[in-house]
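Protein chains in written order, with my numbering: chain E, 12 to 371; chain G, 32 to 497.
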C-alpha cells in the first residue's frame, strides 16, 4: 500500500512539475470567465436598471488592457534582464531611470508647446522627437550610472554594486521630487488615450493600448535582431557567458557592458514616454513601483532571457488588470507577488529558463 | 562530581565553618548540574525570576516575594559562576585582555550614556532607534552575512514584531479580556494585555515560524531568486497590513487597522528601570541596550558555533557543504528563523516605542535600509554590522534632520535640507561603497580570502613569467 501511495505521489509530482504552472496561470482568467458566463456581470445601467450580461467581453477587455499595460512593464523588464544577464546585478536604479524618462517627456512637451490643440502632424512629429530625446537621455543616464557606480566595483564583493544601485535610485528619486514635487502631476492627455480605435466582438480597444503595444513590438524586434545578428550583439552574448574569455577573444568588455546599459536605458526611456501618455500622470515614486513590478516580470520569465522578460511583463500586466477589476486594486500587489512565488516554486528557473553565467 | 565531603565533627560547632562547607557543597552541586544540563539550569533561574516578577506585578509582595528574590538571586549567581568557570578558560584563551577591557568599558559607557543627555533630547531618541536598528541589522546579518541568503523582505519581521505589540498589548481586540502580568491601566482595559516580556516571547515565536515559512519556497532557488521571493513575501505582508481592516477574524474584529494604525499601546514595565513614557527616554534606552547586548552575545556565540560554521560553509559552496554532511534544509531554515527572531524582537520594541503601529511603516525601503547597513558595515562581520547600523541610522535620524538642517540657512541659501535627505543618503551610500567596496570593517575570513586570492594570482603570474 505505501508503495502505491508513493508511486501515486511521484506521478502527481511529475504532473505538477509539468502542468502545475500552466494551470496556475490559466486558473485566474478561467475562473473569472466561467463566473462571467454563469453568474453574469453588470455592464452599465439602462433606464435605471443594471444591465446583466453573460459573455466573455469583460474578460477579453481585462486581458487586452493587461497586455497593453504589460507592454510597458516588458520594456522596463528587458533593461533589468539585459543588465542582470551581463553583470549579474539587480539594477535598482533602472526603475528610476524610467521615471526620469517620463519626466523628460512631460517637460519636453511643455517646451515644444505640444498641447491638446496641436494638430495630428505636429503631434506625431513632436511625439517622435520626444521619443528620441527620452531614449537618448535615459540611455546616457544609464551609461553614466554604470560608469560612476558599477564599473569601479567590477571586482568587488557581489553585493557592493547593489548598494550603489540603491544609492543612485535614491538620488534619482530625489531629483524627481525636486523637479515636479511630491504628489502625482497630471500631464496633457495628448493622444486622447480613451478614444476608441476599434472593437473586436465587443472588446473596446483604446488609443493608449494601441500606442503601448505599437511601441513595444518594434522595439522588442529591433532588440532581439540587434542581439542576435550584429557584431556588437554577439559581443554582448559572449560577455554574458564568460567575460574573461570574451576579453581574451579581443572583445572590449567594458564597452560592451556600457552598450548593454545604453540599450536598457533607451528602452526605459521609451517606456517612460509611453507611461506618461498611457497614465497621463507622472510622479517621482512611479519608477520605484514600476521597477519592482518589472523586475518581478524579468524573474518570472527567467532572468537574463529577453523573450522571458517580455512574456513575464505581459503576464504580470494581465494578472494586475484582472485583479484590479475583480478583486480591487488594493490586493493587486499581493496577487502579483503570490503568483511570483508560485512560479518560483513550480519552476525555479522562470518560465522560459534563465540565460546567465551560472546557468551555463 | 564527587559526593560532597562530610565535615569533620570537631568543626560542627562552629557556625561559620558549617555555612562555608554548605556553600562549598552547594557550589559543587550546581557546577555538576551546569556541566550535565546547562540549559535546564538557566531555565530554572529564569523561571524563578519570572515567578518573582509575576508575584510583584500581581500585587503579592511581602515575605514570599522577598524569599523568592533571594532564592532567584542565589540560583542565578551560582549558575552564572558555574558557567563562568566552564567558559573562563576558553574565554581567556580566545579573547585578549585589551579586548575584554574594551568590551567592559564600552558596556559601562553604554549604561551611563543617558546621564549625559536630557531625558527627552533628540539625540536620545535617535540613539534608541539606532540601537533597535543594530538588533535588526544583526538579525539580517545572520541570513545574508553568515548564510549568504540575500533577503529583501526583512520588513516582514519588523511588521510581525510590531503587530505583536499591537495585538497583545493594546485594546485592539476589544471583545477579549486577557490580562497576564500587567499592572496599572492596562490591567483594567478590555483587549489582550500581556507583559512586555511575554510579548517579546510571542514575537520571537511568531517571527521564527514566519521565517521558516518564508524560507521554505526558497530552498531550491539560487541567490537572486531568493532575493525576489523574500521581497515578494515582504510585500505581501505589507499589503495584508494595509488591507487588514477588511480581513475579519470573527467577533467583529479585524486583523489590523490599516493605515489608520493601532495606537494606545501598553507601555513596557520593568521593575527598577523607572516608568516608560515618551518624555522620559532613559528606561527605553536601557531596555533596548539590554536587548542589543543579548542579541550581540548570541550572535558572537552563534558565529563560532557548529551551526555558524555550517552557515559559512553553505555560503561559500553549497555543493561542497552538502557533500561534507551539512544538512542543507535545516541549516538554511535555522538561519531564516534566527534572523527573523531578532527582527521580531526589535520590531516589537520599535512598535512600542513609536506608540502606534500602522501599515505605512512597513515599506520595502525599510528592508533596503537595513541591508545597506550590513553591507556598508561589512557583510558577515559582527562589529562592522553594528557600526554600519549605528552610522546609517544616526545619519538618517539625527545628522540630516537635526544637525545639518540649519546648514543651508547659515550659508544664506533658501531651501530645506529635508527635501534632499534621501538624495544625500543615496550619495553617501555610493561614496562609501566606491571607497570601500568590502565594507567598513570586513569579516576576517573574507579579508583573508581577498588578499590570499591576490597573492595566489601574483604567484601564478611570477611562475608564468619565469
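All C-beta atoms, glycine included, are put in the ideal place defined by N, C-alpha and C.
So residue 297/G and residue 224/G are in contact, right, with Cβ under 8 angstroms, and what is the actual spacing, rounded? About 6 angstroms; that satisfies the 8 angstroms criterion.
What residues of chain G sit near residue 356/E, judged by a beta carbon separation below 7 angstroms? Chain order gives the chain G residues near residue 356/E as 248, where near means a beta carbon separation below 7 angstroms.
To the nearest angstrom, how far is the alpha carbon of residue 202/E from that of residue 117/E? So the two alpha carbons sit approximately 13 angstroms from each other.
Contacts that residue 131/E makes with chain G (C-beta to C-beta distance below 8 angstroms): What residue 131/E touches in chain G: nothing, since even the nearest Cβ is about 41 angstroms away.
Using the Cα positions of residue 110/G and residue 131/G, report the straight-line distance between them to the nearest angstrom. Looking at the two C-alpha atoms, the distance is approximately 21 angstroms.
Within-8 angstroms CB hit, residue 492/G to chain E: Because the pLDDT of residue 492/G is 49, which lies under 50, any placement of that residue in the model is unreliable, and the number read from its coordinates should be weighed accordingly. No, its Cβ sits nowhere closer than 8 angstroms to a Cβ of chain E.
Which whole runs of the alpha helix (DSSP H) in the region 29-105 of chain E are 4 residues long or more, in chain order? Qualifying alpha helix (DSSP H) stretches, in chain order: 68-98.
Which stretch, first to last residue, makes up the alpha helix (DSSP H) that contains residue 222/G? First-last for residue 222/G: 222-225, but that is the beta strand (DSSP E), not the alpha helix (DSSP H).
Consider the Cβ of residue 164/G: report whether some Cβ of chain E lies at a distance smaller than 8 angstroms. Interface annotation, residue 164/G: not in contact with chain E, CB-CB separation never under 8 angstroms.
To which residues of the same chain is residue 282/G closer than 6 angstroms at the C-beta, ignoring the five residues directly before and after it? These residues qualify, in order along the chain: 206.
Can you list, in chain order, the residues of the region 332-352 of chain E whose Cβ is nearer than 7 angstroms to any Cβ on chain G? Answer set for the region 332-352 of chain E: 341, 342, 344, 345, 348, 349, 351, 352.
With a cut-off of 8 angstroms, does the C-beta of residue 403/G fall near any C-beta of chain E? Taking Cβ atoms only, chain E reaches closer than 8 angstroms to residue 403/G, which makes this a yes.
Where does residue 200/G fall in DSSP's three states? For residue 200/G, the secondary structure class from DSSP, reduced to helix, strand or coil, is strand.
When the Cα atoms are used, what is the spatial distance from residue 437/G to residue 178/E? The straight-line gap from Cα to Cα measures roughly 24 angstroms.
For a contact meaning CB atoms closer than 8 angstroms, what does residue 168/G contact in chain E? Correct list: empty, because the minimum Cβ distance to chain E is about 14 angstroms.
Is the separation between the beta-carbon of residue 272/E and that of residue 94/E shorter than 8 angstroms? Taking 8 angstroms as the cut-off, the beta carbon of residue 272/E is found closer than this to the beta carbon of residue 94/E.
Let me check understanding here. Comparing Cα to Cα, which of 391/G, 278/G, 380/G lies closest to residue 162/G? For residue 162/G, the closest of 391/G, 278/G, 380/G by C-alpha to C-alpha distance is 380/G.
Does the region 68-79 of chain E come close enough to the region 218-233 of chain E to have 3 or more Cβ pairs within less than 8 angstroms? The answer is yes - the region 218-233 of chain E touches the region 68-79 of chain E, with three or more Cβ pairs under 8 angstroms.
With respect to the beta strand (DSSP E) encompassing residue 416/G, which residues constitute its N-terminal and C-terminal limits? Premise fails: residue 416/G lies in the alpha helix (DSSP H), 413-425, not in any beta strand (DSSP E).
Which listed residue (388/G, 422/G, 350/G) has its alpha carbon closest to that of residue 401/G: Relative to residue 401/G, the option among 388/G, 422/G, 350/G whose CA is nearest is 422/G.
Go ahead and pull the three-state DSSP assignment for residue 497/G. Note that residue 497/G has pLDDT 45, beneath the 50 cutoff, so the model's placement of it is unreliable and the number below is only indicative. Coil.
So which of 244/G, 76/G, 204/G has the shortest CA-CA distance to residue 352/E? Closest in alpha carbon position to residue 352/E, among 244/G, 76/G, 204/G, is 244/G.
Taking 7 angstroms as the limit between beta carbons, can you name the residues of its chain near residue 197/G, skipping five residues before and five after? Cβ within range, chain order: 203, 293, 296, 382, 388.
Thinking just about the alpha-carbon of each residue, which of 98/E, 186/E, 122/E, 141/E is nearest to the one in residue 294/E? Of 98/E, 186/E, 122/E, 141/E, the residue nearest in Cα terms is 186/E.
Quick check: is the beta carbon of residue 170/E nearer than 8 angstroms to any beta carbon in chain G? For residue 170/E, the nearest CB of chain G lies under 8 angstroms from its own CB, placing it at the interface with that chain.
Buried or exposed for residue 514/G, going by 16 or more other Cβ atoms inside 10 Å? A query on residue 514/G cannot be resolved here, the shown segment of chain G reaching from 32 to 497 and no further.
How big is the Cα-Cα spacing for residue 414/G and residue 235/G? When only Cα atoms are considered, residue 414/G and residue 235/G end up about 24 angstroms apart.
Are the region 264-272 of chain G and the region 183-195 of chain G touching, with three or more C-beta to C-beta distances below 8 angstroms? Yes, they touch.
With a threshold of 8 angstroms, are at least 3 pairs of Cβ atoms found where one atom belongs to the region 94-101 of chain G and the other to the region 137-148 of chain G? They do not touch, by the three-pair rule.
Mind checking the region 89-102 of chain E against chain G and listing, in chain order, the residues whose C-beta falls within less than 7 angstroms of any C-beta there? Cβ proximity to chain G below 7 angstroms picks out 101 from the region 89-102 of chain E.
Considering Cα atoms alone, identify which of 426/G, 474/G, 403/G is closest to residue 172/E. Answer by Cα proximity: 403/G.
Is the beta carbon of residue 393/G closer than 8 angstroms to that of residue 190/G? In this structure, residue 190/G sits near residue 393/G, with a CB-CB distance shorter than 8 angstroms.
Start and end of the alpha helix (DSSP H) containing residue 141/E? In the DSSP assignment, residue 141/E falls within the alpha helix (DSSP H) that extends over 131-156.
Per DSSP, cross-strand counterpart(s) of residue 209/E: In DSSP, residue 209/E forms a bridge with 216/E.
Pick from 364/E, 354/E, 366/E: whose alpha carbon is nearest that of residue 30/E? Nearest of 364/E, 354/E, 366/E to residue 30/E, Cα basis: 354/E.
Using a threshold of 7 angstroms, is the CB atom of residue 419/G nearer than that to any non-hydrogen atom of the ligand ZN? By its list of ligands, the structure shown contains no ligand whatsoever, and the ligand ZN lies outside what it can speak to.
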